[in-house]
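The structure appears right after this line, and notes come after that.
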Ligand code: ADP
Ligand code: MG
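In full-length UniProt numbering, the protein residues as written are 1 to 317.
Here you go:
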């Protein structure tokens, strides 16, 4: 479990992380979502004690990082995949980490196998592709068999096969009861990976919710209709108390999942339909709207952003 309470980091005038309070729980994948510059990496560095909070507190199972004995066996992290020693082989890089942390050499072979680098283990890391570098970074995070894992934008620059692999790895680690905290700036990526979602913008908490709730609240359902008998259909729908809006390109839209009802009404009145399609607004749109509000908040600093924009249920959990 990772607990943040009022965590704040300033760099001069810049507030990179602004009063963050949330908890990352074991057994699930928690997605940490925010646009570039939102403060995700800074938050993760503070969790690892690599950066000191200006105010507030962050604890790993009740302890500060520097109070944790054998930290690699407690929390593993992939922060910057390019931070590995380029001149060393993958094997030697991991061996050094293992030896300085009292981890047996057999474990190096295990993690190389887990991340699929056994065949290139003796090659110098500087010749690695971005994807191989990410895998090596993940091997380092897994080395101490830690209960808590943290990955900062692990899918950046990976090919579809690598992305698929990382997604499955994170789900597997969570299913083993571990705490998995993973950042991304892509809503679509989080939707496929995370069970729980923490969204930040400009250093501030914007949402702390289950993925299922986020999807339910943000993927607006509507029906798209096209008909050559527009006026007649508008009349019929109006009489049935159904509100219709213009959607551009001659299409009409009706809120909610009313496709069947509309189809039946059209049939009853002999109206031809060229399109009657249930639609779902994208999560990416919802995320952009959510973070756009945080930008706006900074322009009008006298309002409470989350409550104003989203109502009390947003801060939840
Ligand atoms: P993210 O990982 O979400 O993209 P970061 O945590 O890297 O965001 O950055 C948050 C903000 O803090 C950015 O505006 C960034 O420029 C600033 N920042 C991060 N690290 C430093 C630093 N060492 N000195 C000054 N500003 C920093
Ligand atoms: Mg970052």
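C-beta: ideal position from N, C-alpha, C; glycine also.
Is it true that the CB of residue j sits closer than 8 Å to the CB of residue i?
i, j, result
"residue 91", "residue 108", "yes"
"residue 143", "residue 78", "no"
"residue 29", "residue 198", "no"
"residue 117", "residue 136", "yes"
"residue 112", "residue 141", "no"
"residue 17", "residue 203", "yes"
"residue 178", "residue 148", "yes"
"residue 22", "residue 183", "no"
"residue 274", "residue 209", "no"
"residue 125", "residue 89", "yes"
"residue 278", "residue 250", "no"
"residue 283", "residue 191", "yes"
"residue 237", "residue 259", "no"
Let me confirm a value: residue i is counted as buried when at least 16 other C-beta atoms fall within 10 Å, else exposed. Which label applies?
i, result
"residue 102", "exposed"
"residue 222", "buried"
"residue 1", "exposed"
"residue 302", "Unreliable positioning characterises residue 302 in this predicted model, as indicated by a pLDDT of 41, which lies under 50. The coordinate reading is nonetheless provided below. Its Cβ having fewer than 16 others within 10 Å, residue 302 is exposed."
"residue 55", "exposed"
"residue 252", "buried"
"residue 105", "exposed"
"residue 239", "exposed"
"residue 36", "exposed"
"residue 243", "exposed"
"residue 264", "exposed"
"residue 9", "buried"
"residue 146", "buried"
"residue 245", "exposed"
"residue 211", "buried"
"residue 76", "buried"
"residue 196", "buried"
"residue 153", "buried"
"residue 45", "buried"
"residue 312", "For residue 312, the predicted model reports a pLDDT of 35, less than 50, meaning its position is unreliable; a value from the coordinates is still stated below. When all chains shown are included, residue 312 counts as exposed."
"residue 298", "Note that residue 298 scores 48 on pLDDT, short of 50, meaning its location in the model is unreliable and no value can be drawn from it."
"residue 53", "buried"
"residue 27", "exposed"
"residue 241", "exposed"
Using 8 Å for Cβ pairs, my map puts residue i next to residue j. What's the rounded Cβ distance?
i, j, result
"residue 205", "residue 72", "29 Å between Cβ atoms; not a contact."
"residue 158", "residue 134", "6 Å"
"residue 201", "residue 38", "5 Å"
"residue 187", "residue 47", "Not really, about 23 Å apart at Cβ, beyond 8 Å."
"residue 7", "residue 68", "Not a contact, Cβ separation roughly 18 Å."
Going by beta carbon distance, what residues of the same chain come within less than 8 Å of residue i, once the five residues before and after it are set aside?
i, result
"residue 171", "29, 193"
"residue 247", "224, 253"
"residue 25", "1, 179, 196"
"residue 120", "90, 128, 132"
"residue 11", "none"
Can you find a C-beta in chain C that's less than 8 Å from the C-beta of residue i?
i, result
"residue 256", "Structure shown: chain C not included; a single protein chain is present."
Can you list, in chain order, the residues of its chain whose CB lies under 6 Å from that of residue i, leaving out five sequence neighbours each side?
i, result
"residue 49", "65, 66"
"residue 286", "218"
"residue 266", "273"
"residue 233", "227, 271"
"residue 43", "17"
"residue 40", "32, 34, 183"
"residue 61", "1"
"residue 291", "35, 201"
"residue 220", "281"
"residue 3", "23, 59"
"residue 15", "203"
"residue 162", "131"
"residue 214", "197"
For residue i, I'd like the list of residues in its chain whose CB is within less than 7 Å of its CB, leaving aside the five on either flank, ordered along the chain.
i, result
"residue 189", "155"
"residue 110", "none"
"residue 122", "89, 91"
- Task: Could I get the ranges of all uninterrupted alpha helix (DSSP H) runs contained in the segment 137-205, with 4 residues as the minimum, in chain order?
- Result: 160-175, 187-193
- Query: What runs of the beta strand (DSSP E), each 3 residues or longer, lie entirely inside the segment 238-273?
  - Reply: 252-255
- 4 or more residues per run - each alpha helix (DSSP H) lying fully within the segment 21-65: 40-47
- Counting only runs that start and end within the segment 213-241, where is the alpha helix (DSSP H) found for 4 or more residues in a row? 230-239
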